[in-house]
Amino acid sequence: MIAPLAALALVATACSGSDGEDPVPADKAGAAADEPQAIVSLSPTTTEMLYAVGAGDQVVAVDERSDFPSDAPVTDLSGYTPNLEAILGYGPDLVVLTDDNADIVAGLERSGVEVLQLPAAQTLDETYTQLEQVGAATGNIGEAAELVSEIQTDIDGIVASVPERETPLTYFHELDDTYYTVTDATYVGEVYSMLGLTSIATGDDTYPQLSEELILEADPDLVFLADGQCCGVTPETVAQRPGWDGLTAVREDRVHVVDEDLASRWGPRIVDFMREVAAIVAQIPADQPANQPAP
Amino acid sequence: MTRPSPRHALVLGGATLLFGAAMLLGTLIGPAGLTAGGVLLDLLDRLPFIAVDSGLTERQQVILWEIRIPRVVLGAIVGATLAIAGATYQGVFRNPLADPYLLGVSSGAGLGATLAIVVGGAMGSAMVPPAAFAGGMIAVMATYALGRSVGGGRGEVVIILAGVAVAAFASAIQTFFMQRHDDTLRQVYSWMLGRLTTSGWTDVRTVLPYVLISVAVIALFRRMLDVMAVGDVEAATLGIAPARVRLILISVATLGTAAVVSVSGLIGFVGIVIPHAVRMLIGPGHRLLLPTSLLAGATFLILADVVARTAMSPAELPIGVVTAAIGAPFFLVVLRRSRGHM
Chain H
1 MIAPLAALAL VATACSGSDG EDPVPADKAG AAADEPQAIV SLSPTTTEML
51 YAVGAGDQVV AVDERSDFPS DAPVTDLSGY TPNLEAILGY GPDLVVLTDD
101 NADIVAGLER SGVEVLQLPA AQTLDETYTQ LEQVGAATGN IGEAAELVSE
151 IQTDIDGIVA SVPERETPLT YFHELDDTYY TVTDATYVGE VYSMLGLTSI
201 ATGDDTYPQL SEELILEADP DLVFLADGQC CGVTPETVAQ RPGWDGLTAV
251 REDRVHVVDE DLASRWGPRI VDFMREVAAI VAQIPADQPA NQPAP
Chain G
296 MTRPSPRHAL VLGGATLLFG AAMLLGTLIG PAGLTAGGVL LDLLDRLPFI
346 AVDSGLTERQ QVILWEIRIP RVVLGAIVGA TLAIAGATYQ GVFRNPLADP
396 YLLGVSSGAG LGATLAIVVG GAMGSAMVPP AAFAGGMIAV MATYALGRSV
446 GGGRGEVVII LAGVAVAAFA SAIQTFFMQR HDDTLRQVYS WMLGRLTTSG
496 WTDVRTVLPY VLISVAVIAL FRRMLDVMAV GDVEAATLGI APARVRLILI
546 SVATLGTAAV VSVSGLIGFV GIVIPHAVRM LIGPGHRLLL PTSLLAGATF
596 LILADVVART AMSPAELPIG VVTAAIGAPF FLVVLRRSRG HM
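Heads up: the protein sequence lines correspond to chains H and G, in order.
Just so it is clear: in the first sequence, position 46 is 46 by my numbering, and no numbers are missing.
Just so it is clear: in the second sequence, position 330 is 625 by my numbering, and no numbers are missing.
Encoded structure:
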């Protein structure tokens, strides 16, 4: 974890030293002049990352979908159909984004704007790396490193709070009401795995659309609804679906609406999502506690 | 069906047999590993006066009766309706390319569904069927009105062109809303690619009345379609008002299409390929063409759904992808072979 951090620090220093100003010592107060002062963020996750590492003061505009933290300067900028002129209108010296939609990165670079592209993380480690990248690019390396170690400590604690099980609990994570879901090989799947859960979905397609037959046959122990906001799905409507009232998860009241923003962003608030799921999992008694030594 | 000729009986008997076989196959095959023997015994068990132990668990019975069989039935209804509506459109417009897509029905329904999902918020999903239905009806009425007002005497060609314009317009508005609300993209796409995934008996009950009305009226007018194939003037001399018959047939074909599209999403190629293939095999007479298309459409969609359910198990393939993948090449073959008489 230290090596990439140091490398990033070097890169950041090299970049900021290039516009002919006096070399400044690497302490925070001195570096402030060269840090980006007008950051535009084009995705909810990057916005959360910027604020979490303490670069919130430098952010001048975030896209329309960024809804956290609540004091972020939301604009009608779109990360999905980005408009170069509209972004440049905020006079950014750094744009942080997720996807290079409509060749926006090339356009920004042509206009002389620094770009930090952070595609969807596939693992928690990638989240840590991205947080450090955000820290390095915004002059908040120290805060980023602290944040990462805090998150790691929190996650270790959350994982330890979940009882170990002989056989893992199975879950169905519902992305929308047409039964799109995730396998263990996704980011959120990794988070579930750490809590001792395993998805009923398998296969090469990591975001498959499952057959209803298959969901009923797999009979998951838990159903997580990440489609409460989009599609109005509730534990009650799930119970009314044909055949679903016989599912273990439905009979045992283990159908839970989860915050779909927390579950779909790979930023600092993934800890909150884990806490939410861990609290649910901890209530289910481990099946054979005698065989498992206490953690 | 007065005095069915031996050929009639042969064709319809064969089509019915294939349809039955497809129903059975669709019931036997699925991603959940129900044994074929168990399923057959369970089917027997439901017959009156027969009680056998199928060996299926309670959960497997739920999968069979609440998920798989309604899905097969819905597939049959959707396929049958799309095919007979396609045959009707082609007859009415005397244009082999006429189908719900060309007349704007599908695009209008797509716009309606998108608006429901985008604007409807949490209630959006429940609003998709009625909104799609309304969108399809409005689009085809716009197509017809445009075609009439612009077309003058050249009715059917202009109507097809008007349909293209209406479809493009509806698609443009739909794309606009999808771009503005990218968070709902997956839901809209899922609907646009077609699916029989979340059916259950509710959807069957929802569409059945509209489909029955549609099919009954089309069957009633089957002779008119033959007369109109000869030409409007000839039809008029036989005492038929072509404009009125045309309006009625377009309306009921659209009613059926919009109803099934509203629950299944956009499933392409059934409406155009099936009537063509059937016409190639048995000739253009509507008395035989319509019921055969109905059975063939049902058979085709049940089989396409079997592929959709099992090809990528445990994942599901959108059925619209399957029908297009099978339908498009097949359509080219049909076109090639029928070049002579078009």
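Backbone N, C-alpha and C define an ideal beta-carbon position, used for all residues, glycine too.
DSSP beta-bridge partners of residue i
i        : result
H:GLN209 : H:TYR180
H:HIS256 : H:PHE224
H:VAL297 : Residue coverage of chain H in this structure runs from 1 to 295, which leaves residue 297 of chain H outside it and unanswerable.
H:ILE39  : H:VAL59 and H:LEU94
H:GLN117 : H:LEU97
G:ALA610 : H:LEU210
Buried versus exposed, by CB contacts within 10 Å (16 or more), residue i
i        : result
G:VAL452 : exposed
G:VAL347 : exposed
G:SER402 : buried
H:PRO119 : exposed
G:PHE471 : exposed
G:LEU507 : exposed
G:PHE344 : exposed
G:LEU342 : exposed
H:SER70  : exposed
H:GLN209 : buried
G:ARG302 : exposed
G:SER485 : buried
G:THR352 : exposed
H:THR98  : buried
G:GLN474 : exposed
H:SER149 : exposed
G:SER444 : exposed
G:ASP394 : buried
H:ASP27  : Any reading at H:ASP27 must be qualified, since the residue scores a pLDDT of 45, below 50, and its modelled position is unreliable; the value itself is stated next. With fewer than 16 other Cβ atoms within 10 Å, it is exposed.
G:ARG604 : buried
G:LEU533 : exposed
Beta-carbon separation (whole angstroms), residue i vs residue j, contact threshold 8 Å
i        : j        : result
G:ILE535 : G:VAL522 : 6 Å
H:THR183 : H:THR202 : 6 Å
G:LEU590 : G:ALA310 : 4 Å
H:LEU222 : H:ALA249 : 6 Å
H:ALA226 : H:GLU260 : 4 Å
H:LEU147 : H:GLU190 : So it is not a contact: roughly 19 Å between Cβ atoms.
G:VAL334 : G:LEU544 : Not confirmed; about 40 Å, so no contact.
G:GLN355 : G:LEU329 : 5 Å
G:ARG366 : G:LEU542 : At roughly 35 Å, the Cβ-Cβ gap does not stay under 8 Å, so G:ARG366 and G:LEU542 are not in contact.
G:ALA404 : G:ALA427 : 4 Å
H:ASN140 : H:ALA72  : In fact, because the Cβ distance is near 16 Å, the residues do not count as touching under 8 Å.
G:PRO307 : G:THR587 : Note that residue 307 of chain G is Leu in the sequence shown here, rather than Pro. The pair is a contact, with the Cβ atoms about 7 Å apart (cut-off 8 Å).
Chain H contact residues for residue i, given Cβ-Cβ distances below 7 Å
i        : result
G:VAL357 : LEU216, GLY243 and GLY246
G:ARG604 : SER211
Per-residue contacts from residue i into chain G (C-beta, under 8 Å)
i        : result
H:GLN283 : Those within 8 Å of H:GLN283 in chain G number zero; the least Cβ separation is about 24 Å.
H:ASP176 : ARG481, GLN482 and SER485
H:ASP205 : MET607 and ALA610
H:ALA180 : Checking the displayed sequence, the identity of residue 180 of chain H turns out to be Tyr instead of Ala. What H:TYR180 touches in chain G: ARG481 and SER485.
Per-residue contacts from residue i into chain H (C-beta, under 8 Å)
i        : result
G:ILE597 : Ordered by position in chain H, no residue passes the 8 Å Cβ test against G:ILE597, which lies about 15 Å from the chain.
G:THR479 : CYS230
G:ARG354 : LEU216, GLU217, ASP219 and GLY246
Closer than 9 Å at the beta carbon, the chain H residues around residue i
i        : result
G:GLN474 : SER78, TYR80 and THR81
G:GLY495 : GLU212, ARG241, PRO242 and GLY243
G:SER401 : The premise fails here: G:SER401 is roughly 19 Å from chain H at the closest Cβ pair, so nothing lies under 9 Å.
Contacts that residue i makes with chain G (C-beta to C-beta distance below 9 Å)
i        : result
H:LEU210 : PRO326, THR492, PRO609, ALA610 and GLU611
Under 7 Å by beta carbon: chain G residues contacting residue i
i        : result
H:THR202 : PRO609
Within-8 Å CB hit, residue i to chain C
i        : result
G:ILE362 : Among the protein chains in the structure shown, which are H and G, there is no chain C.
Any non-hydrogen atom of the ligand NAP within 7 Å of residue i CB
i        : result
G:ILE358 : Of ligands this structure carries none, so the ligand NAP is not represented either.
Taking only runs that begin and end inside the segment 140 to 198 of chain H, name each unbroken alpha helix (DSSP H) of 4 or more residues, in chain order.
Uninterrupted alpha helix (DSSP H) stretches at least 4 residues long and entirely within the segment 140 to 198 of chain H occur at 141 to 160 and 187 to 194, given in chain order.
Those runs of the alpha helix (DSSP H) which lie wholly inside the segment 322 to 401 of chain G and span at least 4 residues
Segments of the alpha helix (DSSP H) lying fully in the segment 322 to 401 of chain G: 331 to 341, 353 to 357 and 364 to 388.
Can you check the segment 568 to 628 of chain G for any beta strand (DSSP E) of at least 3 residues that lies completely inside it and give the ranges in chain order?
Listed in chain order, nothing qualifies, since the segment 568 to 628 of chain G has no complete beta strand (DSSP E) run of 3 or more residues.
Restricting to runs no shorter than 3 residues, where is the beta strand (DSSP E) found entirely within the segment 404 to 437 of chain G?
DSSP assignment within the segment 404 to 437 of chain G yields no whole beta strand (DSSP E) run of 3 residues or more.
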